[in-house]
Every structure is written in C-alpha cells, then in structure tokens.
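Asks:
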Amino acid sequence: MASDETNDRVKSVIRACLKIDDDAPIEDAMPLIGGDYDVDSLDILLIVTELEKAFGIKINEGSIGKTTFGSVGTLGDFVEERARAKQSAEA
Amino acid sequence: MSPLCNVALEYLPHRDPFRFLTNVEELVAGARGVGTWRVQGGEDFFAGHFPGEPVLPGVLIAEALAQLSGLVAFACKERPVMISARLAQVSVKFHSGVVPPAEVRLESVLVRELSGLYMFDVRAEVEAATVASGSLVLATAP
Numbered sequence: 000m001a002s003d004e005t006n007d008r009v010k011s012v013i014r015a016c017l018k019i020d021d022d023a024p025i026e027d028a029m030p031l032i033g034g035d036y037d038v039d040s041l042d043i044l045l046i047v048t049e050l051e052k053a054f055g056i057k058i059n060e061g062s063i064g065k066t067t068f069g070s071v072g073t074l075g076d077f078v079e080e081r082a083r084a085k086q087s088a089e090a
Numbered sequence: 000m001s002p003l004c005n006v007a008l009e010y011l012p013h014r015d016p017f018r019f020l021t022n023v024e025e026l027v028a029g030a031r032g033v034g035t036w037r038v039q040g041g042e043d044f045f046a047g048h049f050p051g052e053p054v055l056p057g058v059l060i061a062e063a064l065a066q067l068s069g070l071v072a073f074a075c076k077e078r079p080v081m082i083s084a085r086l087a088q089v090s091v092k093f094h095s096g097v098v099p100p101a102e103v104r105l106e107s108v109l110v111r112e113l114s115g116l117y118m119f120d121v122r123a124e125v126e127a128a129t130v131a132s133g134s135l136v137l138a139t140a141p
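Heads up: the protein sequence lines correspond to chains A and B, in order. Residue numbering for the first sequence follows numbering that gives the first Met the number 0, starting at 0 and increasing by one per position. Residue numbering for the second sequence follows numbering that gives the first Met the number 0, starting at 0 and increasing by one per position.
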C-alpha cells in the first residue's frame with residue numbers, strides 16, 4: 000500500500016489536472032473511473048503525463064488500465080511501485 | 000531537410016484561408032517537427048483584429064501549432080486519418096503579441112500517444128523570442 004505522502008502527491012496531481020478545488024475532499028478509495036469525477040481518456044492522458052513529471056518515472060501505455068485507475072489508492076500503489084523500481088535500477 | 004519535408008504539406012488537409020503552415024523545415028514522423036508560418040499582414044482576419052492595428056490572434060498561433068502537430072503524428076498515414084483528427088485540448092501561454100509582417104517559427108514534439116490521443120509540447124517563436132508555448136492534444140476518436 001502506498002504511503003500517505005505518495006497518495007497526497009497523487010491527489011495534488013489529480014486536483015491540478017481535473018481542476019478540483021483544494022477544499023473538495025478526495026478519499027483514497029474514491030473511484031476514478033465512474034466516480035464523482037469520472038475521468039475520461041483525456042484526463043488519464045493528462046494525469047499520467049503529470050505523474051511522470053512529479054515522480055520522475057516512466058509509465059508505459061500497456062500498464063495503464065482500469066485496475067491502475069481503479070481509485071486514488073490503486074494509482075498511488077502503482078506510482079510508488081514504479082518509483083521504487085526506478086530507485087532500485089539506479090542503485 | 001528530410002525528403003518527407005518536401006511532401007509534408009500535401010498531407011495537410013487544410014487549405015486557404017485556413018492553412019497556417021507555409022513551410023515544413025524538419026519533420027520526424029511520429030516524433031517532432033519544425034515549420035514556419037509567414038504572416039504577410041494582408042490576411043483577411045487582420046481587417047478585424049484590429050482595424051488599423053493588426054495583431055496576430057493567439058488562437059490562430061495555436062491552430063498553426065496544431066496543424067504542424069497533425070503532420071508530426073499523421074504524415075505518411077492515410078489522408079482520412081488526418082481529416083478525422085481533431086483538437087481535444089489546448090494549454091498554451093501567449094508570451095507576447097505578434098505584429099505582421101512576421102515569420103513565426105513553430106515547433107512540436109510528440110510527448111505521448113494513448114488510446115487515440117496524441118499529446119504534444121509546442122512552441123512558437125518570432126525572431127528567436129518565444130511568443131507562445133505549452134501543450135496540446137489531438138484526438139482521432141470521435
């Protein structure tokens with residue numbers, strides 16, 4: 000499970016991409032597809048691109064799916080795993 | 000200049016008065032492109048933007064960047080693909096106004112393709128000064 004810090008950074012990216020107010024709640028379990036904000040393919044493109052910049056990781060198209068974008072939490076898990084893999088590769 | 004540059008404009012479905020690419024100087028299909036829009040000052044839209052004080056509309060600079068981006072993504076592909084592509088998102092900052100006559104240098108780099116969406120980093124320069132920069136997305140899906 001991703002750390003609170005990772006999930007908070009993911010939420011910041013989501014807020015920026017979807018133009019969500021700072022005071023609007025985003026829960027870790029909130030579904031991204033079909034939820035309150037119901038992200039579409041353009042939103043996913045923007046979020047993935049910004050996550051790459053924010054975390055310094057590379058996200059391949061093949062790894063982007065409904066599971067990854069199931070919720071903020073699953074997206075946080077995915078990003079954290081990628082960041083760890085990058086750190087291991089550089090060590 | 001690559002051989003593709005010589006024929007690139009043939010792939011562009013836009014025609015006068017809505018073609019804003021004069022030349023293509025560099026084109027790496029599926030990766031990046033550089034082009035030029037030579038703005039003479041006599042174009043029809045300057046009659047209203049603005050009478051006696053012509054300024055190149057920023058939205059047309061964005062359109063020119065989108066046309067170049069279309070070539071980057073779709074040159075060498077079937078013409079119907081290019082025609083069906085549409086602008087899905089524009090996030091461009093306009094740094095300064097452009098007064099004709101001007102040669103606008105356009106740059107576009109394909110950043111990512113995802114599910115029929117093509118994201119580009121784009122930039123426009125006049126006399127080596129950036130006049131617009133940002134990103135845009137073209138979509139092939141309806």
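A virtual CB, placed ideally from N, CA and C, is assigned to each residue, including glycine.
Relative to the alpha-carbon of lysine 65 of chain A, which residue among A/Leu31, A/Ile46, A/Ile25 has its alpha-carbon at the smallest distance?
Replies: Position 66 of the first sequence, counted from the first residue, corresponds to residue 65 of chain A. The shortest C-alpha separation from lysine 65 of chain A is found at A/Leu31.
Asks: For cysteine 75 of chain B and leucine 41 of chain A, what's the separation of their Cα atoms in angstroms?
Replies: On the second sequence, residue 75 of chain B is found 76 positions in, with the first residue counted as 1. On the first sequence, residue 41 of chain A is found 42 positions in, with the first residue counted as 1. Distance between the alpha carbons of cysteine 75 of chain B and leucine 41 of chain A: 25 Å.
Asks: Do the stretch 130-140 of chain B and the stretch 80-95 of chain B touch if we need at least three Cβ pairs shorter than 8 Å?
Replies: yes
Asks: Do leucine 105 of chain B and phenylalanine 119 of chain B have their CB atoms nearer than 7 Å?
Replies: For this step, residue 105 of chain B is matched to residue 106 along the second sequence. For this step, residue 119 of chain B is matched to residue 120 along the second sequence. No, the Cβ-Cβ distance between leucine 105 of chain B and phenylalanine 119 of chain B is not below 7 Å.
Asks: Looking at chain B, which residues of the stretch 8-29 of chain A have a Cβ within less than 8 Å of any of its Cβ atoms?
Replies: Identification of residues in the stretch 8-29 of chain A having a C-beta nearer than 8 Å to some C-beta of chain B yields an empty set.
Asks: Find the nearest neighbour of isoleucine 43 of chain A within the set A/Ala90, A/Thr67, A/Met29, judged by alpha-carbon distance.
Replies: The residue you call residue 43 of chain A lines up with position 44 of the first sequence. Residue nearest to isoleucine 43 of chain A within the set A/Ala90, A/Thr67, A/Met29 is A/Thr67 (criterion: CA-CA distance).
Asks: Does the distance between the C-beta of isoleucine 63 of chain A and the nearest non-hydrogen atom of the ligand PLP fall short of 6 Å?
Replies: Among the components of this structure there are no ligands whatsoever, and the ligand PLP is therefore not found.
Asks: Would you call the CB atoms of valine 97 of chain B and leucine 55 of chain B closer than 7 Å?
Replies: Numbered from 1 along the second sequence, position 98 holds the residue referred to as residue 97 of chain B. Numbered from 1 along the second sequence, position 56 holds the residue referred to as residue 55 of chain B. Closer than 7 Å, so yes.
Asks: CB-CB under 6 Å to phenylalanine 54 of chain A, same chain, minus the five flanking residues each way: which ones, in chain order?
Replies: Against the first sequence, residue 54 of chain A aligns to sequence position 55. Cβ neighbours of phenylalanine 54 of chain A beyond the five flanking positions: Val78, Ala82.
Asks: Taking the straight line between their C-alpha atoms, what separation do you get for valine 125 of chain B and glycine 47 of chain B?
Replies: Position 126 of the second sequence, counted from the first residue, corresponds to residue 125 of chain B. Position 48 of the second sequence, counted from the first residue, corresponds to residue 47 of chain B. Cα atoms of valine 125 of chain B and glycine 47 of chain B: separation of roughly 22 Å, rounded to the nearest angstrom.
Asks: In the DSSP assignment, find the alpha helix (DSSP H) that holds threonine 48 of chain A and state where it starts and stops.
Replies: Translated into the one-based positions of the first sequence, residue 48 of chain A becomes position 49. Threonine 48 of chain A -> alpha helix (DSSP H) spans 40-54.
Asks: Where serine 68 of chain B and proline 2 of chain B are concerned, what is the direct C-alpha to C-alpha distance, given to the nearest angstrom?
Replies: If you number the second sequence from 1, residue 68 of chain B lands on position 69. If you number the second sequence from 1, residue 2 of chain B lands on position 3. Distance between the alpha carbons of serine 68 of chain B and proline 2 of chain B: 18 Å.
Asks: Any idea if asparagine 6 of chain A is buried or exposed, counting beta-carbon neighbours within 10 angstroms, 16 or more meaning buried?
Replies: As a first step, residue 6 of chain A must be located in the first sequence, where it is residue number 7. Under this definition asparagine 6 of chain A is a buried residue.
Asks: Let me know if glutamate 62 of chain B comes out buried or exposed under the rule of 16 or more other beta-carbons within 10 Å of its beta-carbon.
Replies: Here residue 62 of chain B corresponds to residue number 63 of the second sequence, with the count starting at 1. Around the CB of glutamate 62 of chain B, 16 or more other CB atoms lie within 10 Å, so the residue is classed as buried.
Asks: When you compare only the Cα positions, how much space is there between glycine 57 of chain B and serine 107 of chain B?
Replies: For the purposes of this step, residue 57 of chain B is identified with residue 58 of the second sequence, where counting begins at 1. For the purposes of this step, residue 107 of chain B is identified with residue 108 of the second sequence, where counting begins at 1. Rounded to whole angstroms, glycine 57 of chain B to serine 107 of chain B spans 16 Å at the Cα level.
Asks: Let's test the definition: count the other Cβ atoms within 10 Å of the Cβ of alanine 30 of chain B and tell me whether it reaches 16, buried, or not, exposed.
Replies: Taking the second sequence and counting its residues from 1, one reaches residue 30 of chain B at position 31. Exposed, since its Cβ has fewer than 16 Cβ neighbours within 10 Å.
Asks: How is alanine 128 of chain B classed by DSSP in three states: helix, strand or coil?
Replies: The residue given as residue 128 of chain B occupies position 129 in the second sequence. Correct three-state label for alanine 128 of chain B: strand.
Asks: Quick one: residues in its chain with C-beta nearer than 7 Å to the C-beta of asparagine 22 of chain B, no 5 flanking neighbours on either side, listed in chain order?
Replies: Within the second sequence, the letter at position 23 stands for residue 22 of chain B. Only Gly34, Thr35 meet the Cβ criterion.
Asks: How many Å lie between methionine 81 of chain B and proline 12 of chain B at the Cα?
Replies: Counted from its first residue, the second sequence places residue 81 of chain B at position 82. Counted from its first residue, the second sequence places residue 12 of chain B at position 13. Their Cα atoms are separated by approximately 7 Å.
Asks: In chain order, what residues of the same chain have a beta carbon less than 8 Å from the beta carbon of aspartate 21 of chain A, not counting five sequence neighbours either side?
Replies: Locating residue 21 of chain A in the first sequence gives position 22, counting from the first residue. The residues are Arg14.
Asks: Could you give the DSSP three-state label for phenylalanine 119 of chain B: helix, strand or coil?
Replies: Your numbering for residue 119 of chain B matches position 120 in the second sequence. Strand, per DSSP.
Asks: Per DSSP, what are the beta-bridge partners of arginine 18 of chain B in this structure?
Replies: For the purposes of this step, residue 18 of chain B is taken as residue 19 along the second sequence, with counting starting at 1. DSSP lists no partner for arginine 18 of chain B.
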